[in-house]
Ligand SMILES: O=C(O)C(=O)C[C@]1(C(=O)O)C=C[C@@H](O)C=C1
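Residue numbers (the UniProt record's numbering): 1 to 165.
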């Protein structure tokens with residue numbers, strides 16, 4: 001086979017459960033939002049299934065992309081587990097959700113790392129900013145939940161407001 005070509009006799013697998021005209025979901029139920037957008041995400045698989053007539057190089061590259069995306073999801077999940085604990089700690093210690101000084105140091109560090117890695121530092125900064133904004137929202141929600149869950153001075157029988165923070 002000449003280089004750059006791929007077999008034209010590609011195998012097409014049609015599942016009996018597949019309804020003509022419906023987006024392919026590999027047997028998983030569609031979300032309402034998927035139906036609206038016509039987008040069938042394969043939510044329970046780690047690798048998106050190969051499309052039979054996809055050129056092999058494209059398929060390989062997509063497998064690599066899927067691996068990286070999976071790693072990113074796991075890394076982000078770990079990061080958010082840590083920041084969730086930071087949020088609780090900050091609320092307990094009465095510290096503000098955002099720490100601009102820390103953010104500045106993170107941005108400087110990440111920009112340098114990005115530069116070394118051949119990634120656009122501006123993109124790295126935007127990406128970090130996007131994540132941190134979400135973390136701050138979580139911190140605020142944790143602090144707010146802590147404030148409303150705390151018993152008031154009235155319920156504790158105090159004459160003066162409780163200022164334990
Ligand atoms: O390090 C903290 O103080 C955090 O709350 C974590 C974090 C982050 O996501 O990296 C989030 C908010 C702060 O402004 C700085 C950093």
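Backbone N, C-alpha and C fix where the C-beta goes; we use that ideal spot for every residue, glycine too.
Quick check: what's the CA-CA separation for residue 89 versus residue 110?
One C-alpha to the other measures close to 25 angstroms.
Below 8 angstroms on the Cβ atoms is my guess for residue 143 versus residue 70; work out the distance and round it to an integer in Å.
Contact doesn't hold; Cβ gap of about 32 angstroms is too wide.
If you check the beta carbons only, do residue 97 and residue 65 fall under 8 angstroms apart?
no
Could you give the distance in angstroms between the alpha-carbon of residue 146 and the alpha-carbon of residue 68?
37 angstroms
Mind checking which residues open and close the alpha helix (DSSP H) that includes residue 58?
56-93
Starting from the C-beta of residue 132, find all residues in its chain whose C-beta is less than 7 angstroms away, skip the five residues before and the five after it, and write them out in chain order.
103
By how many angstroms is the C-alpha of residue 124 removed from the C-alpha of residue 21?
Any answer about residue 21 is weak, because its pLDDT of 44 lies below 50 and its placement is not dependable; what the coordinates show is given next. Rounded to whole angstroms, residue 21 to residue 124 spans 40 angstroms at the Cα level.
Near residue 107, what residues of its chain come up, given a Cβ to Cβ distance below 7 angstroms and the 5 sequence neighbours on each side ignored?
The beta carbon of residue 107 is closer than 7 angstroms to those of 125, 128 in its chain, skipping five residues each way along the sequence.
DSSP state of residue 96, grouped into three classes?
When DSSP states are grouped into helix, strand and coil, residue 96 belongs to the coil group.
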